[in-house]
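Asks: In our numbering, the protein residues as written are 5 to 100. For every residue, glycine included, the Cβ atom is placed at its ideal position computed from N, Cα and C.
(1) Alpha carbon to alpha carbon, what distance is there between residue 12 and residue 42?
(2) Just to check my reading of the structure: residue 70 and residue 81 have Cβ atoms closer than 8 Å, yes? What is that Cβ distance to the nearest angstrom?
(3) If I follow the unbroken alpha helix (DSSP H) through residue 11, where does it start and stop?
(4) Where does the unbroken beta strand (DSSP E) through residue 1 begin, and where does it stop?
(5) Rounded to a whole number of angstroms, what is the C-alpha to C-alpha distance between residue 3 and residue 10?
(6) Where residue 23 and residue 17 are concerned, what is the direct C-alpha to C-alpha distance, given to the nearest angstrom?
(7) Let me check understanding here. Comparing Cα to Cα, which of 33, 25, 79 lies closest to residue 54?
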């Protein structure tokens, strides 16, 4: 006898992640991991702290010159990071 309401394990896990709001946390961690790839390893080495809170990516930079450069291209960075993840995870970047 075949069951009519059967789901794959992957579907059940995705559904659980959406319901428990863990999916957003996973995407936030993915954004943090992608920071080095999007910026490049040399530029990312000047990043001292990186975290997401309330859809805003907070970045602490050790170089004031690089901080100013990144401030000018924040919108492009937001767009590129969100595209890399495949969904809108962050809406803005605060660079300190």
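Replies: Walking through what the data contain:
(1) The C-alpha of residue 12 is placed about 34 Å away from the C-alpha of residue 42.
(2) That belief does not hold up - the Cβ atoms of residue 70 and residue 81 are roughly 12 Å apart, past 8 Å.
(3) From DSSP, residue 11 is part of no alpha helix (DSSP H); its letter is neither H nor E.
(4) Since the first residue of the chain shown is 5 and the last is 100, residue 1 is not available in this structure.
(5) Residue 3 is absent from the model: the chain starts at 5 and stops at 100.
(6) Their backbone Cα atoms lie some 10 Å apart in a straight line.
(7) When only C-alpha atoms are compared, the closest one is 33.
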